[in-house]
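Since the structure comes first, as structure tokens, the remarks are kept for the end.
Protein chains: 2
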Amino acid sequence: MTKPIRLRAKRGTRRKLSSVTMMDVAAQAGVSAQTVSRALSAPETVTQETRKRIEDAVRATNYVPNFAASHLASNRSRTVAAIIPSISSSIFAETIQGLNETLLPKGYQLFLGHTDYRPDREEAVIKSFMGRKPDGFFVIGTRHTRGAVNLLKQARVPVVESWDWTSRPIDLLVGFSNRMATETMVSYLANRGYQRPSFAGIVRPGDYRAAERRDGYENAMSRCFPGQPLRIHIVSDGEVTLHAGAELLTSLRAAHPDTDVVIFSSDLPASGALLACRRLGIDVPGELAIAGFGDYELAAELQPSLTTVAVPTKEIGRLAGRLLLKSMQGESVDEKSVDVGFELKARESA
Amino acid sequence: MTKPIRLRAKRGTRRKLSSVTMMDVAAQAGVSAQTVSRALSAPETVTQETRKRIEDAVRATNYVPNFAASHLASNRSRTVAAIIPSISSSIFAETIQGLNETLLPKGYQLFLGHTDYRPDREEAVIKSFMGRKPDGFFVIGTRHTRGAVNLLKQARVPVVESWDWTSRPIDLLVGFSNRMATETMVSYLANRGYQRPSFAGIVRPGDYRAAERRDGYENAMSRCFPGQPLRIHIVSDGEVTLHAGAELLTSLRAAHPDTDVVIFSSDLPASGALLACRRLGIDVPGELAIAGFGDYELAAELQPSLTTVAVPTKEIGRLAGRLLLKSMQGESVDEKSVDVGFELKARESA
DNA sequence: CTGTTAGCGCATTCAT
DNA sequence: ATGAATGCGCTAACAG
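First to last, the sequence lines map onto chains H and S.
The numbering used here applies: residue 1 is where the first sequence begins, and numbers increase by one.
The numbering used here applies: residue 351 is where the second sequence begins, and numbers increase by one.
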């Protein structure tokens, strides 16, 4: 029996909701679809003349390219997946903004996922992004589950790790040493004459950056105050908030009353503690000194202002974006690891 | 001349980088690709038996579905585009986190864009997302350029506007009235006995929410203090920061020395002003009272604590996500506009 | 510089 | 419940 293919296809055929396609533009401009494609993706490979005709046709038809089709045909999605512990943590938000600022103008769009500081969730989120075939990955931290590392490697696209340091990055690295930052802080405090520093903060199991800072405290203590017992006052769950800092302050003073300076894992609890000191009538830095990490805007505005460590948050995002772009465009990146460093901000609180 | 099609195609043919496809899974499981497709998207339409075989094959082959192909074939991208003024503004970050929490578990991924509070950039960002054909849009605010509104309408997908109010939303609305919030604040302050309220803040041309709050101040003034001149102390550019609040405080006191309470456009400048008052020795609320907007965590921790208006930031994101899901799944949404309201937080600063 | 041809991987339609 | 055929819209490869 003959096959009335076209008839069969005509009825009940897939709705072409995508309205106007490249073919329509081509027809309008009197060229082939391929020429339209070229005119849009590499305008210089087409004559002034035809380019103009195509541009007019694009406007006339109100053409919107379909990136899914482009992706399928070219095997490039022009997307980057960014995975961070928490979106509402303003510190990472800055980084994402920097990343987006760099990538959007180049036509790359950002998929965003968050992990709540849980390594298993990080792996799950990465996995969930795989089907989108992003052209690049941006992740926070340098420690991940085996599964997460494998996924990132198998993706065979550039990966930027960030916000921490390692000698063996998966691919690219834009970060700094949280450990050294805290060591620097302890040394500074020792030089200032403090004798019994404590470390306090929220260090959740998956928050390796905070753990590094704690380790930095330990290292520096054995170097600056050999033999002295460590005073580590940490909670391993809960949000990183001002309020948590206030609570930590109280319990710390009960647990380690001899403390003369507290290094907090983040500016948030540090600021919370500083504000609590005012309420409790504790003189800072006279009675108790306080140091933070991150240099949030609040740190400089508090009174006394907060001694802390500044990190080029937004710059991390911008730099990561630039490295990704380079790498995604096939250029080789000579400096695969970039140390953006940190800066001690000596202020009044310590 | 004969056409050696296959031969020609064989050489230099497109690299199939996408590795393992549904066909490979099908082969492994001894079924057709369609059955695999069904087993993955609607498991209940396939026998236990075959489902299991397919699941095994998926694992064995390490299959990762290609969403671009799925998108192209089904005309559903399973993505949502979220466009916010600023990512690093923690207040919107919370909303995005709420949105993501709702959408990710349902398989929808989030494209993120930011506008820097510029309507023209909002339009540009929306346009840049069109080619991705998101299944839904989430935007901040209810005022947009004509072009932006047209783009959103032409997309023919659910759109949630948020963080403000209007009687004529594009589609769905999850917000509250910034104007009423500020009116409520002024009324409260009037009841508390304040006589000469000022409004201060950063109101950038594209920040219609802040402008609404200023309008709310004007309305309430003419109702609560008829005949009294308005004291509006606004800068129209710059970042919304603590520091800006400190500067505004100083200039405001020069411009309107009779002010007894300042309502700020946001908690950030309000908090900055509050902290500046401590430095300058201005008694709050005795000498000057201060009110904010947003109920940032800092508001409750400051001393004196900041009187402000709380908004269910994260809840806006969650609700928007739920409405989008419903609408994207083709269910009709009965309540297209949801007023999440606001809550006056009477604290010590006013 | 431009056109022709084929196929990216999947879901939809229809048949069985 | 499963299979076969078709096309979604675009770009890679090649020819001219």
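Glycine included, each C-beta is placed from N, C-alpha and C at the ideal position.
Counting only runs of at least 4 residues, the region 80-159 of chain H fully encloses the following alpha helix (DSSP H) elements, listed from N- to C-terminal order: 90-103, 119-130 and 146-154. Looking at the backbone, the Cα of residue 462 (chain S) and that of residue 313 (chain H) are separated by about 19 Å. In this structure the region 430-438 of chain S touches the region 455-471 of chain S; the number of beta carbon pairs closer than 8 Å is three or more.
In its own chain, leaving out the 5 sequence neighbours on each side, no residue places its CB closer than 6 Å to the CB of residue 331 (chain H). Straight through space, the alpha carbons of residue 474 (chain S) and residue 483 (chain S) are spaced by roughly 15 Å. Listed along chain H are 18, 66, 67 and 68, each with a C-beta nearer than 8 Å to that of residue 483 (chain S). The region 550-567 of chain S makes contact with the region 616-627 of chain S: 3 or more CB pairs, one atom from each, lie closer than 8 Å. Residue 693 (chain S) is bridged by DSSP to S:660.
Residue 584 (chain S) carries a strand assignment under DSSP once its states are collapsed to helix, strand and coil. Secondary structure of residue 187 (chain H) (DSSP, three-state): helix.
In this chain, the alpha helix (DSSP H) harbouring residue 622 (chain S) covers 617-630. Excluding its 5 nearest sequence neighbours in each direction, residue 612 (chain S) has C-beta neighbours in its own chain below 6 Å: 548, 550 and 640, listed in chain order. The region 408-417 of chain S makes no contact with the region 47-59 of chain H, as fewer than three CB pairs between them are under 8 Å. When 7 Å is used as the limit between beta carbons, residue 652 (chain S) is near these residues of chain H: 275, in chain order.
DSSP, read as helix, strand or coil, puts residue 348 (chain H) in coil.
Contact with chain H is found for residue 480 (chain S), since one of that chain's Cβ atoms lies less than 9 Å from the residue's Cβ. Listed as beta-bridge partners of residue 614 (chain S) by DSSP are S:550.
Bounds of any alpha helix (DSSP H) do not take in residue 520 (chain S), whose DSSP letter is neither H nor E. For residue 162 (chain H), the three-state secondary structure derived from DSSP is strand. Residue range 242-255 is occupied by the alpha helix (DSSP H) that includes residue 244 (chain H). Contact fails between the region 561-575 of chain S and the region 588-598 of chain S, because fewer than three Cβ pairs, one in each stretch, are under 8 Å apart. Secondary structure of residue 337 (chain H) (DSSP, three-state): strand. Residues of chain S whose Cβ lies closer than 7 Å to the Cβ of residue 330 (chain H) do not exist, since the nearest Cβ in that chain is about 14 Å away. Each residue's CA atom was taken as its position, placing residue 104 (chain H) and residue 71 (chain H) some 17 Å apart. The count of Cβ pairs closer than 8 Å, one atom from the region 310-325 of chain H and one from the region 273-284 of chain H, stays below three, leaving the stretches out of contact.
Taking CB atoms only, residue 93 (chain H) has a neighbour in chain S less than 9 Å away.
Chain-ordered, the chain S residues with CB closer than 8 Å to the CB of residue 104 (chain H) read 463, 475 and 478. At least one CB atom of chain H sits nearer than 9 Å to the CB of residue 460 (chain S). For the pair residue 275 (chain H) and residue 652 (chain S), the CB atoms are nearer than the 9 Å cut-off. Spatial neighbours of residue 126 (chain H) in its own chain (CB-CB distance under 7 Å, excluding positions within 5 residues in sequence) are listed in chain order as 83, 148, 151 and 152.
In terms of Cβ geometry, residue 310 (chain H) and residue 321 (chain H) do not form a close pair [threshold 9 Å]. The beta-carbon distance between residue 538 (chain S) and residue 694 (chain S), rounded to whole angstroms, is 6 Å. This is short enough to meet the 8 Å contact definition. The C-beta of residue 629 (chain S) comes closer than 9 Å to at least one C-beta of chain H. Listed along chain S, no residue sits closer than 8 Å to residue 150 (chain H) by beta-carbon distance, the nearest being about 10 Å off.
Bounds of the alpha helix (DSSP H) holding residue 423 (chain S) are 417-424.
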